[in-house]
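Residue numbers (the UniProt record's numbering): 1 to 170.
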């Protein structure tokens, strides 16, 4: 006999991911002038850290990235590359979830994953003419700007989790 807990839990996961997606879009639109291109300061990237606390919340972040890049970014190519970069980074963080018990270490690793994976975006920008600088300069500025956002937001998300408890929301 199936209980009503499963449909309610699935609805809760879907709802929380939709909220995260909407929040990602709103935060990215808030900083739109610096959200795309060879230097990106998307404060919405701080939401990448929710996966450190709850792997089920990665789909809202991924959806937000893909939707923003598709509609407000450079279109389909941006959605593909940005989506791949986000999926790989969040996927790596989700894979280490059970192996790395220390939340602070997972936050640090998540920051590293996202910083290094900006290579996807550098490849896209240099191959499509989205930047006049060479690959390495583009990659440096993308990685550096991503690192700043992720490193500054990691402790903020850590303390936000103390109040919100992302891990127990679904």
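Ideal Cβ placement from N, Cα and C applies to all residues, glycine included.
Residue i: first and last residue of the uninterrupted alpha helix (DSSP H) it sits in
{"i": "residue 150", "result": "135 to 164"}
{"i": "residue 104", "result": "103 to 116"}
{"i": "residue 122", "result": "119 to 128"}
{"i": "residue 64", "result": "58 to 71"}
Neighbourhood of residue i by C-beta distance below 6 Å, restricted to the same chain and skipping five residues each side
{"i": "residue 118", "result": "142, 143 and 146"}
{"i": "residue 171", "result": "In the structure as shown, the chain starts at 1 and stops at 170, and residue 171 therefore has no counterpart that could be examined."}
{"i": "residue 54", "result": "166 and 167"}
{"i": "residue 97", "result": "55"}
{"i": "residue 25", "result": "64 and 68"}
{"i": "residue 28", "result": "35, 42, 44 and 68"}
{"i": "residue 66", "result": "79 and 83"}
Simplified DSSP state of residue i, which is helix, strand or coil
{"i": "residue 170", "result": "coil"}
{"i": "residue 175", "result": "Shown here, the chain extends from 1 to 170; a query on residue 175 therefore has no answer."}
{"i": "residue 7", "result": "helix"}
{"i": "residue 17", "result": "helix"}
{"i": "residue 38", "result": "coil"}
{"i": "residue 50", "result": "helix"}
{"i": "residue 131", "result": "coil"}
{"i": "residue 91", "result": "helix"}
{"i": "residue 81", "result": "helix"}
{"i": "residue 76", "result": "helix"}
8 Å Cβ shell around residue i - same chain, five flanking residues per side excluded
{"i": "residue 1", "result": "Residue placement at residue 1 is poorly supported in this model, since its pLDDT is 46, which falls under 50; the coordinates still yield a value, given next. Within the same chain, residue 1 has no close Cβ partners at all."}
Reference residue i, options the options, closest by Cα
{"i": "residue 152", "options": "111, 165 and 19", "result": "111"}
{"i": "residue 161", "options": "94, 107 and 22", "result": "107"}
{"i": "residue 61", "options": "133, 83 and 113", "result": "83"}
{"i": "residue 43", "options": "155, 149, 164 and 154", "result": "149"}
{"i": "residue 127", "options": "67, 157 and 81", "result": "81"}
{"i": "residue 133", "options": "68, 9 and 38", "result": "38"}
{"i": "residue 124", "options": "157, 159, 85 and 95", "result": "85"}
{"i": "residue 19", "options": "31, 129 and 58", "result": "58"}
{"i": "residue 77", "options": "113, 130, 156 and 114", "result": "130"}
Own chain, CB closer than 7 Å to residue i, minus 5 neighbours either side, in chain order
{"i": "residue 13", "result": "56 and 170"}
{"i": "residue 122", "result": "135, 138, 139 and 142"}
{"i": "residue 52", "result": "93, 103, 106, 107 and 110"}
{"i": "residue 31", "result": "41, 42 and 43"}
{"i": "residue 163", "result": "none"}
{"i": "residue 113", "result": "89, 92 and 93"}
Between the segment 44 to 52 and the segment 78 to 90, are three or more C-beta pairs nearer than 8 Å? Inter-segment contact for the segment 44 to 52 and the segment 78 to 90 is present: three or more beta-carbon pairs are separated by less than 8 Å.
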